[in-house]
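There are 4 protein chains.
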Amino acid sequence: MSSAWGDYIKISIFGESHGEGIGVVLDNLPAGEAIDMDAVLRQMARRAPGRDRSSTPRKEADTPRILSGFLDGKTTGAPLCAVIENTNTRSADYKNIELLPRPGHSDYPGFVRYGGFNDVRGGGHFSGRLTAPLTFAGAVCRQILLRRGIHIGGHVAAIAGVKDTPFDMVNVSAAQLDALSEIYFPLNDREKETEMREKIEAARLSLDSVGGIAEIAAVGVPAGIGSPMFYGVENVLSSIMYGVPAVKGLEFGIGFGAADLRGSQDNDPYEMVDGEIRTKTNNCGGILGGITTGMPIVVRAVVKPTSSIAQEQDTVDLTKRVNAKLSVHGRHDPCIVPRAVPVLESAMAIGLINLLAERGKL
Amino acid sequence: MSSAWGDYIKISIFGESHGEGIGVVLDNLPAGEAIDMDAVLRQMARRAPGRDRSSTPRKEADTPRILSGFLDGKTTGAPLCAVIENTNTRSADYKNIELLPRPGHSDYPGFVRYGGFNDVRGGGHFSGRLTAPLTFAGAVCRQILLRRGIHIGGHVAAIAGVKDTPFDMVNVSAAQLDALSEIYFPLNDREKETEMREKIEAARLSLDSVGGIAEIAAVGVPAGIGSPMFYGVENVLSSIMYGVPAVKGLEFGIGFGAADLRGSQDNDPYEMVDGEIRTKTNNCGGILGGITTGMPIVVRAVVKPTSSIAQEQDTVDLTKRVNAKLSVHGRHDPCIVPRAVPVLESAMAIGLINLLAERGKL
Amino acid sequence: MSSAWGDYIKISIFGESHGEGIGVVLDNLPAGEAIDMDAVLRQMARRAPGRDRSSTPRKEADTPRILSGFLDGKTTGAPLCAVIENTNTRSADYKNIELLPRPGHSDYPGFVRYGGFNDVRGGGHFSGRLTAPLTFAGAVCRQILLRRGIHIGGHVAAIAGVKDTPFDMVNVSAAQLDALSEIYFPLNDREKETEMREKIEAARLSLDSVGGIAEIAAVGVPAGIGSPMFYGVENVLSSIMYGVPAVKGLEFGIGFGAADLRGSQDNDPYEMVDGEIRTKTNNCGGILGGITTGMPIVVRAVVKPTSSIAQEQDTVDLTKRVNAKLSVHGRHDPCIVPRAVPVLESAMAIGLINLLAERGKL
Amino acid sequence: MSSAWGDYIKISIFGESHGEGIGVVLDNLPAGEAIDMDAVLRQMARRAPGRDRSSTPRKEADTPRILSGFLDGKTTGAPLCAVIENTNTRSADYKNIELLPRPGHSDYPGFVRYGGFNDVRGGGHFSGRLTAPLTFAGAVCRQILLRRGIHIGGHVAAIAGVKDTPFDMVNVSAAQLDALSEIYFPLNDREKETEMREKIEAARLSLDSVGGIAEIAAVGVPAGIGSPMFYGVENVLSSIMYGVPAVKGLEFGIGFGAADLRGSQDNDPYEMVDGEIRTKTNNCGGILGGITTGMPIVVRAVVKPTSSIAQEQDTVDLTKRVNAKLSVHGRHDPCIVPRAVPVLESAMAIGLINLLAERGKL
């Protein structure tokens, strides 16, 4: 299997960057859920390229067409399929990658995996463009979650070493996440945007790219969701969030910071607050033993620098099996971190809706 | 679901710390695989407590009894079940946690998840003791992988800020991993052991604990294993490795380090070496687009400090719903990082055997 | 879950009878498989209505549009999505079924299941029209199987009590199945067609419908495919074949006939034939202990009479909760058995390709 | 995969007939469910051999030992594992089957499937003895279902052509099923027992065996359970019920009888009865479009005659690859239909508990 995910509400994503179209089927959605398609399109717009100078110049008109599962503004309960036509593709740009795999890309392992039969134009099924249907699916799921009091949002935690103010893992609020989740280049500290954009522009001028970190949170998830061992919240969320290209690491709560702490610092003490059980800190990111504590769920994803750079790079010729040089042409985004935020929020939404369904809470 | 994992070779783990017994069923193993049970026991011994002063004084005689699936030293192809009897348990130690959840433990979310019916003695099903059957299962799988040229090993990358020499992600060798995978407290730089043990002892004397990082590698995995999107190597490995208690973050290759790199630094250039396609660096940890490149697979896991500490901590009384104080008694390991290494190696082995099976390579 | 199926090669079917479109995603197909789309269309034509007087007058132009996973006549290995637009729909026919559930239809349980939000026009997602994408998926899979020497075909074993000559379960040949699988109203004894059509016409004139039996076989499946207990060939095939609407029973080999036999009659003795191990009879339908014997696989499915009949029937008003009378208008096929044959062949193909993949034989 | 089943509540069965032990793990059971272990043992006793002259003389003391997941008479929510030790085995009886596969048995396909490494003693993992843990699992699940108003029971519908009175599919009652489900050789018409036993004894004296039909019903399942296409009640129940050895056909409601009916006869008209929506007939067996109607669920399974017969049979020598003769010695039951009834009831219980869980109804 590959591009299908989910044990309760399943998504099946299809499409190749320069093929006829891309899309997604959502199977087993609850029936009768109102979905605001304008809100879905706003999420997709956050992910779309061409929003500003720093992103790829390719313009997409990524309006999904709903083929099924949706009637009179509500889910019917039958599989919901959305298709996005591919237009504005320039396949000629990618001619030489068939023989000369781009460093940092899936070209070479994809060639081996598919015996050379995969569609390499524009990255084919590996293209970041496939995150459009993922974002669509997540945007549908997050509306269903919102109706159950669960809010998801994220921000650009870091780009090229410039750091945004991290989430207050105890007090991050629904209102804060809702506000972040409506904008492009979401930041807790808006003043960091200029510095981050300067780093991106500097890389672009050097024919290079930069990476960063996205931090995503969810509030309103009740305590008791998830399971020990292999259906823990971390297992489930990471098994879908690694589906977002360029993600090479995920950490929950304080994450790798725990390596340097003592137990007395890392443990989150409990306290009663207005009759509710809460923790004073939230180093566990809202998850203990794989199960939610009722505190905010916080996860950070590292997004590696865009692999497609215009600088000349060393590679090999797959046919002649000799060393070679490669310069990648075409339209490429020198930093995809801002666009990765809504995609990761969407992946989290799909993960959480499955975790809730598993507990019979949908 | 919860304690069952695997799409091709499935494991189903059962047991509670102070119940009758714990164990695992491995379903769909290939038939006719010779398994050296002494080698399996050596892996289990690496995980077992009581190996040195720094670990819990509880002595376990964790000799698994094979009930099925194994005949004349070979797998029969039918489900292989191994059971470990529970002995040497002192349930009285855990009396007060039923009402007073331990900070950093699953007590509170577990109470909500199971409505108070779960067996809390010794942590019940959440106990680190459940990593014994996981290690058994992994020790079986790694022998099958070894026969296909795949070697897995790991080391203590850091404890309480003291760092071991990391793996050379390009040149880490089968021999190096084989040697590491036979010893307790595995290190690339043996001289770090003293300093690490001092940190652990200092924590213990403070009635506290310390965390760290385990780094695990596999060599010999052929290129072309894994799939884009949701059956990528990162997705699959993380969905099982988060099953190891105390793991709060996972990163592949350079991981979070990629956030500060440019694409020209992060991309791994290709080169021909003795007729083989290799990368000059391996920042991707042997995985691009979810698929193996043929280079070593490298993953790092942060292991949070042991939650059970003897210091008094703030908690709440779940019945009276008021604030309370708690001192955890009992036998607890002030640092579980060395023991987590073989468990994480095992989880990786189970993950990799499924990934190979998915490609028809078993 | 619901309309997604498959552990190795997954299909996800979507669409509603009178919605925008219907279709299917096939995930994890092997790459580089040539698919003859004309042959696919021929299979879809066998299923399509409007072929003769006895079938529904609705004309469908069910030409699927391939959106992904297919390039230069071959599978790319990425998910293959095919979409069929819905045209020629007359929703007015179905107005009263929202309140008055049709006997024998899914209207009432569907109403409860989906809380009244499901699209009931034309049967919505329950429509027999959803077998079009299933047939597409099966037609793709059977070409891949054919390349591995596996031939699938079926015939109308009975309609309204008129019986065709059953398959010779020992000697049914690839050539016989290939010939049957290219025609509409496939029969071993062509002379039975007139009598069967007379029964259908008689039912039609009585504003009624008739049922029957489809018998499907596969030859060329090697011995050793399948597993004991829950991944047996019978389990897997029935779990997909019951997805064909109107199927209410499945039997393998001699099936229910075994109830009246003695073991000495039912057991299939072995013999050597040209150096091959074969059975002299094939009462087991090519499956013992869930595993193939290498002999033909034979399964029979009962197809109940079409539920939509024009005769007045007793029903209830779901809103007023009182008894009511209902006459179903619209275009309905008085017998769907001939059209069910290619659908069941397709379901078997999808089942078998998964069983082969499970054993690493694709 | 093979001996693991279930998408929500998973069972993983292990063991071989003459190995150390057999058993089952039930993963993801709801917590806090009281289980009456005496009632479980009564179900296992119904399945056990040695109950009367007609069954195998082997005496089993199949008392399962619960290793986990059960505390103070209630489920803990953690995996529940039960182990049955193997005793009283006589492996010598089975010596020659390694080379001479028994007709009607899994010996030959099992040999191919497992490359000759499977444990053939007593049938190994293919043994009917593996239905003991399946019955245990089902006996646990049916108690949980009973608490939700769902009653399951069955009877011997036919043996060697002697037919019991079938269930009244409209009016079969909870009390009737409860009574049947507590006895050995359950019949609606007790007077048929003598004739059936005579047929069995006649076969035994001829060194032969007889087959039959088991009919199983469930009442109290609410309307709206199940899904169209591939998670229909028929799909789910058949995917587990074919796990019972010797079952070669399953039909729901009137099943194959529908082939000879007209739609006007087969359709079940609705009526209001005491404010409830019911059907006047129940030819659909309580399932339409894969979804429950709220009427009794009725399924019939054909159980082929016991394959192990003492008569000399034709076979082949797997090593020498020549024709051979075989006489099966050992203890064999000339008719397993009565013992299959509780096993099929158990399989139905496990199927139904998953279907309920899928709808969030547990």
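Residue numbers (the working numbering), protein chains in the order written: chain A, 90 to 451; chain B, 90 to 451; chain C, 90 to 451; chain D, 90 to 451.
Just so you know, even glycine gets a beta-carbon here, dropped at the ideal spot from N, CA and C.
Establish whether the CB of residue i and some CB of chain C are separated by less than 8 Å.
i: L444/D; result: no
i: D127/B; result: no
i: G449/B; result: yes
i: L160/A; result: yes
i: K500/D; result: A query on residue 500/D cannot be resolved here, the shown segment of chain D reaching from 90 to 451 and no further.
By how many angstroms is the C-alpha of residue j removed from the C-alpha of residue i?
i: G378/C; j: G205/C; result: 43 Å
i: E360/A; j: N412/B; result: 6 Å
i: P275/B; j: A307/B; result: 15 Å
i: V310/D; j: A171/D; result: 28 Å
i: R147/D; j: K337/B; result: Below a pLDDT of 50, predicted positions are generally treated as unreliable, and R147/D, at 47, falls in that range; no measurement from the model is reported.
i: G352/A; j: I376/C; result: 58 Å
i: K409/B; j: I366/A; result: 11 Å
i: M318/C; j: E282/B; result: 50 Å
i: A134/C; j: D267/C; result: 16 Å
i: C230/B; j: I248/A; result: 40 Å
i: N260/B; j: D278/A; result: 42 Å
i: E280/C; j: R218/C; result: 30 Å
i: G374/B; j: D357/B; result: 10 Å
i: I111/C; j: A226/A; result: 18 Å
What are the boundary residues of the beta strand (DSSP E) that residue i is part of?
i: K369/C; result: Taken as a continuous stretch (DSSP letters only), K369/C belongs to no beta strand (DSSP E), as it is neither H nor E.
i: T152/A; result: Neither: T152/A is in no beta strand (DSSP E) and is coded neither H nor E.
i: T404/B; result: E401 to D406
Count the other C-beta atoms from every protein chain shown that fall within 10 angstroms of the C-beta of residue i, then say buried if there are 16 or more, exposed otherwise.
i: G139/B; result: exposed
i: K369/B; result: exposed
i: V362/C; result: exposed
i: S270/C; result: buried
i: R142/B; result: Legend: pLDDT at R142/B = 49, less than 50; position of this residue unreliable, value from coordinates given subsequently. The residue is exposed, with fewer than 16 neighbouring Cβ atoms inside 10 Å.
i: S157/C; result: buried
i: A348/C; result: buried
i: T64/A; result: What the structure shows of chain A is the stretch from 90 to 451, and residue 64/A is not part of that stretch, so it cannot be assessed.
i: L415/C; result: buried
Beta-carbon of residue i versus every beta-carbon of chain D: anything under 8 Å?
i: S353/B; result: no
i: M318/C; result: yes
i: D96/A; result: yes
i: P431/B; result: no
Can you name the residues of chain B whose CB is closer than 8 Å to the CB of residue i?
i: T366/A; result: According to the sequence as given, residue 366/A is Ile; it is not Thr. Here the neighbours are Y197, V405, L407 and R410.
i: D357/A; result: P192 and G193
Quick one: which chain A residues come within Cβ less than 8 Å of residue i?
i: L156/C; result: F103, G104, G108, E109, G110, I111, G112 and V172
i: F206/C; result: A120, G121, L160, K163, T164, T165 and G166
Note the first and the last residue of the continuous alpha helix (DSSP H) segment covering residue i.
i: M126/B; result: M126 to R136
i: F341/A; result: No alpha helix (DSSP H) contains F341/A, which is instead part of the beta strand (DSSP E) from V336 to F341.
Say whether chain B places a C-beta atom closer than 8 Å to the C-beta of residue i.
i: M437/A; result: no
Residues of chain D with CB closer than 8 Å to the CB of residue i, please, in chain order.
i: D297/C; result: R351, G352 and S353
Going along chain B in order, which residues have a C-beta closer than 9 Å to the C-beta of residue i?
i: S216/D; result: Neighbours of S216/D on chain B: none; closest Cβ ~10 Å, over 9 Å.
In chain B, which residues lie with their C-beta within 7 Å of the C-beta of residue i?
i: I329/A; result: F319
If we cut at 8 Å on Cβ distances, does residue i have a partner in chain A?
i: P394/B; result: yes
query = In chain order, what residues of the stretch 242-260 of chain C put their CB closer than 9 Å to some CB of chain E?
reply = No chain E appears in this structure, whose protein chains are A, B, C and D.
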